[in-house]
Structure formats: C-alpha cells, structure tokens
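A.B. asks:
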Amino acid sequence: MYRVFIASTGNSYYIFDDPAPALNTTYTVTSISNPNSTTYSSISNAGVVCFLRGTMIETPEGPLRIETLRPGDRLVFIDGRQGTLRAIGSRRVAPAALRLHAGLRPFRIRAGAFGANLPACDVTLSRQHRVLIRVPAEDPSRFAGQEVMGPVHALAHADAIAPVCPPVGVEYWHLLLDGHEVLPVAGLGLESALVTQGGLVDDTRLEWQGCAPSAISAMTPARPLMKPANLRRLLRRHGLHALAAACPTKRPAPCHCGESRPLRICNPHLCDRSVTVRHARTR
C-alpha cells in the first residue's frame with residue numbers, strides 16, 4: 001500500500017511520502033514542489049460527480065443506457081419537462097486507482113433502500129453525486145417539508161447505501177444540460193452536472209462529446225443543496241425511508257449500473273473481501 005502523511009501549520013498543509021515525519025520535531029521548509037491552493041476538505045473529499053456505465057436515462061422514446069446517449073438527444077426530467085443534452089463526458093477509473101483513493105470509489109444504493117421500489121433496482125453513483133430527498137415536515141431545520149439534494153456518501157447506511165470497490169474498475173459519465181436538472185433513475189431523483197462560478201469540477205479529466213463545459217454559464221441549483229454534515233444529522237433523526245422523494249414517472253426501466261467491459265478477475269483481497277460473479281459479457 002502506498003501511504004502519504006499530511007501535516008498542518010496554520011492554514012497550510014504539507015504532504016509527506018513515506019517515511020512519516022517524526023512527531024514533536026520542527027522542520028524547516030526549504031522548497032515546495034507543485035504548490036497549490038487546494039484546501040484540506042478538497043483533499044479529503046476528492047471525487048467525481050457522475051453516473052456509471054449502464055445507468056438507464058429517461059428519454060421521450062423510452063429509457064436508454066447512458067453510454068449510448070449523444071449530444072442533441074432529448075432527456076426527460078423528474079417533473080415531466082424535457083431538455084437537450086449539450087455534452088456528455090466519460091472517464092475510466094482503473095482498479096488500482098480505486099484501491100488507492102477511496103474518494104474515487106462509487107456508492108451503491110440497494111434496491112428498496114428508501115422503501116418499496118425506491119429504487120426499483122440497485123443504483124451506483126460516484127460518492128459526490130447528489131440525490132433528491134424530501135425533508136420530513138416535522139424536522140426542526142429550515143428545510144422542513146422541502147425537497148433538497150445531498151451527496152450520496154452522506155446518506156451511507158449499513159448495506160443499504162455503501163461504498164463499493166469493483167475489481168474491474170468503473171466508467172463514470174457526466175450529463176451536461178443547459179441548467180442543473182433532476183433526472184428520474186429507477187424511481188430516484190438524481191442530478192445532472194452542475195456548473196458553478198468556478199466551472200465544472202473534474203472537467204479536465206473527462207473525455208467530452210459536444211460543447212465545451214466552459215461554454216456553459218454558471219447554473220442555479222435545481223433544489224437547495226444540503227451540506228453533508230447536515231444530511232447525516234437528518235438521516236440520524238429520521239432514517240432513510242422517511243427521506244424518500246419518489247419520482248412521478250412510469251415504471252422504472254431495469255438498471256445496469258456499473259456494468260463494465262469484458263470481465264476481468266483480479267485479486268479480490270485488494271478490494272472486496274469476496275466477489276460474486278453474476279454474469280459475464282463479451283464485446
């Protein structure tokens with residue numbers, strides 16, 4: 001295992017390779033390689049905001065696998081409106097990268113995690129991908145009775161929502177529209193890419209088809225965004241089932257989230273303790 005050590009002084013952070021710096025010892029910094037302004041929260045919460053290969057996306061013609069979509073396709077939103085896909089981006093994350101960087105591992109939402117058929121099948125997302133939830137009316141927060149969005153990792157709950165480390169790696173996909181939208185997926189509401197004043201996070205590591213993300217103006221979030229810490233407290237107060245925000249759509253299509261390219265077996269002890277091969281495909 002490759003290890004690094006983070007030491008702090010004031011608002012600055014220094015990353016050391018092995019061996020670890022000695023405790024209670026003063027070091028004089030004589031040079032810094034690749035200095036930047038990355039905050040510690042960015043280091044500790046590194047990740048990508050994407051769907052996985054195989055996710056079924058609603059279109060006017062019916063649900064289609066995300067990797068088959070092309071710029072110009074029309075998508076159906078959770079409220080029944082439609083919009084045009086401006087760009088689609090993809091990124092392959094190798095098994096070794098998943099083993100080394102927990103922030104790159106996806107989270108799996110088990111079928112029924114939020115209640116009966118919510119979702120209708122397992123859905124797998126990147127850890128920072130936001131999920132639509134409804135805050136119970138009796139909650140003491142200012143969001144009581146409202147729909148909000150929060151990152152899936154902050155909803156982690158036993159095996160119902162948990163990180164996974166697929167031994168074959170993952171392929172992440174971004175959907176970029178004219179605005180930030182909520183898309184119906186297997187009965188859940190999931191966000192499209194959100195462009196902020198600082199641009200689209202992770203856009204330099206994705207292969208894009210369609211317009212450049214830099215050509216899209218900053219977006220207004222489709223719903224209020226709840227901070228992870230507040231979302232965890234909400235989960236502790238009410239439980240997952242109380243946070244369900246069902247999509248008013250027809251019966252969800254079967255999902256194939258996380259299906260990969262030709263099946264390869266690596267040492268399962270490096271990631272999951274056990275690996276169940278449900279099926280194999282060739283392309």
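Okay, so the sequence shown: first residue is 1 according to full-length UniProt numbering, each after it adds one.
Beta carbons are placed, not taken as given, at the ideal position from N, Cα and C, and that holds for glycine.
1. Give every residue of the same chain whose Cβ lies closer than 6 Å to the Cβ of residue 222, excluding the five residues on either side of it in the sequence, and list them in chain order.
2. Assign residue 63 to one of three DSSP states: helix, strand, or coil.
3. Within 10 Å of its beta-carbon, does residue 121 have 16 or more other beta-carbons around it, so buried, or fewer, so exposed?
4. If you run the structure through DSSP and keep just helix, strand and coil, what is residue 241?
5. DSSP puts residue 126 in a beta bridge; with which residues?
6. On the three-state DSSP scale, how would you describe residue 232?
7. For a quick check, are the C-beta atoms of residue 235 and residue 169 less than 8 Å apart?
8. Which residue from 63, 137, 160 and 108 puts its Cα closest to that of residue 126?
9. Quick one, which of 117, 207 and 227 has its alpha-carbon nearest residue 172's?
10. For residue 209, which residues from the same chain have a beta carbon less than 6 Å from its beta carbon, with the 5 sequence-adjacent residues on both sides left out?
11. Does DSSP put residue 180 in a helix, in a strand, or in coil?
12. Can you have a look at residue 82 and say buried or exposed, based on whether 16 or more other CB atoms are within 10 angstroms of its CB?
13. Look at residue 154 and residue 228 and say whether their C-beta atoms are less than 8 Å apart.
14. Would you please state the rounded distance, in angstroms, between the beta carbons of residue 211 and residue 86? I believe it to be under 8 Å.
15. Taking 8 Å as the cut-off, decide whether the C-beta atoms of residue 187 and residue 118 are in contact.
16. Identify the continuous alpha helix (DSSP H) that holds residue 97 and give its terminal residues.
17. For residue 94, which residues of its own chain have a beta-carbon under 7 Å away from its beta-carbon, when the five flanking residues on both sides are left out?
18. Tell me which same chain residues have a C-beta within less than 7 Å of the C-beta of residue 219, skipping the five on either side of it?
C.D. replies: On the basis of the coordinates in this document:
1. Answer for residue 222: 180, 181 and 182, listed in chain order.
2. Here residue 63 sits in strand by DSSP.
3. Result: buried.
4. DSSP places residue 241 in the helix class (H, G or I) of the three-state scheme.
5. In DSSP, residue 126 forms a bridge with 106.
6. Residue state, collapsed to three classes: helix.
7. Contact: no.
8. Nearest of 63, 137, 160 and 108 to residue 126, Cα basis: 108.
9. For the residues 117, 207 and 227, the minimum Cα distance to residue 172 belongs to 207.
10. Correct list, in chain order: 71 and 88.
11. In the three-state scheme derived from DSSP, where H, G and I count as helix and E and B as strand, residue 180 is classed as coil.
12. Label assigned to residue 82: exposed.
13. It is a contact, given that the beta carbons lie within the stated cut-off.
14. Indeed, because the Cβ distance is near 5 Å, the residues count as touching under 8 Å.
15. Contact flag set, yes.
16. Here the alpha helix (DSSP H) through residue 97 covers 95-100.
17. The answer, listed in chain order, is 169.
18. Annotation for residue 219: 179, 180, 194 and 195 place their beta carbon closer than 7 Å to its own, counting only its chain and skipping 5 residues before and after.
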